[in-house]
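Residues 1 to 101 in this note's numbering are what the sequence shown spells out, letter by letter. One structure is given below, encoded as structure tokens.
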Amino acid sequence: MTLVGEIRQIRSHLKISPAQEIPGVFVINDKNGTVLGDNMGLVSRLAKVRPLIPVDPDLVPPGIRASVSEGYVSLDIAGLVDVRMEEARLKKEVEKIRQKK
């Protein structure tokens, strides 16, 4: 369930409501993806990810990725994050770091 934690961290960092469903594409590593594959429904429910049809890993649409050894999920956050607010937040964060030096 590490992937659920990774997705929740992304949500928290980008201030996306835990109740908001995010579209995402799950890509499973062939070697040891059985655990993720068998539990994809549970991961989707716990992390509030609306799974999109799995595609060829080379054709996964752009998005923020949460990775684990079994594979990853690419989250489509377009329209869920206010880019201007995020840009302003990042600028403030950079300024704080510069002031600490």
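For every residue, glycine included, the Cβ atom is placed at its ideal position computed from N, Cα and C.
With contacts defined as CB atoms closer than 9 Å, Asp82 and Gly63 fail to qualify as a contacting pair.
Looking at the DSSP output, Arg50 sits in a beta bridge with Pro23. Secondary structure at Leu75: strand, using DSSP grouped into helix, strand and coil.
A direct Cα-to-Cα measurement between Arg50 and Leu90 gives close to 28 Å. In the DSSP assignment, Ser12 falls within the alpha helix (DSSP H) that extends over 2-13. When beta bridges are read from the DSSP output, Val68 appears opposite Gly71. For Val25 against Ser74, the beta-carbon gap comes to about 5 Å, under 8 Å, which counts as contact. For Ala66 against Glu6, the beta-carbon gap comes to about 4 Å, under 8 Å, which counts as contact. By the beta-carbon neighbour count (other beta carbons within 10 angstroms, threshold 16), Val94 is exposed.
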